[in-house]
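Trainee:
In our numbering, the protein residues as written are 31 to 143.
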């Protein structure tokens, strides 16, 4: 379907607490990170994603082509979450090295009981 080919890829991220750490997990691509503060977490997530793109570019590989989707438990956490971070929260540059990414949709998962 041509309209599907024209749609930009989605980039969804779930943020959750893991012990004393905040964790971020991308859903479409199994990439994640952790940090002590939300600001540090989002900065490190951007570093991880662009680091992946840079390594792929250096090795003539298509970014994200070798990454699987995140495990189901993270998709479930994302779906259950009703807390969305505003788009401006994440100072994500959406184009670099010829790769364009959408502004991520970031949801905060509730703490498990």
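Positions of the beta carbon are idealized from the N, C-alpha and C atoms, including for glycine.
Please tell me whether residue 51 and residue 70 are closer than 8 Å, where the distance is taken between their beta carbons.
Mentor: Going by C-beta atoms, residue 51 is not nearer than 8 Å to residue 70.
Trainee: Can you name the start and end residues of the beta strand (DSSP E) that residue 48 belongs to?
Mentor: Unbroken beta strand (DSSP E) run through residue 48: 42–48.
Trainee: Taking just the CA atoms, how far does residue 91 sit from residue 63?
Mentor: Taking the straight line from one Cα to the other gives about 22 Å.
Trainee: Where residue 114 and residue 81 are concerned, what is the direct C-alpha to C-alpha distance, given to the nearest angstrom?
Mentor: About 25 Å.
Trainee: Can you tell me whether residue 45 is buried or exposed, with buried defined as 16 or more other CB within 10 angstroms of its CB?
Mentor: Flag for residue 45 reads buried.
Trainee: For residue 100, name the three-state secondary structure that DSSP assigns.
Mentor: Coil at residue 100, not helix or strand.
Trainee: In or out: residue 136 buried (at least 16 other Cβ within 10 Å) or exposed?
Mentor: Classification of residue 136: buried, given that the 10 Å Cβ count is 16 or more.
Trainee: So, using beta-carbon positions, are residue 111 and residue 138 closer together than 8 Å?
Mentor: Against a cut-off of 8 Å, the Cβ pair of residue 138 and residue 111 comes out as a contact.
Trainee: Taking residue 88 as part of the alpha helix (DSSP H), name the residues at either end of that continuous run.
Mentor: That run of the alpha helix (DSSP H) goes 68–88.
Trainee: Which residue's Cα is closest to the Cα of residue 60: 72, 41, 67?
Mentor: Selected option, being the one with the closest Cα: 41.
Trainee: Along the chain, where does the beta strand (DSSP E) containing residue 135 start, and where does it finish?
Mentor: Element bounds for residue 135: 135–138.
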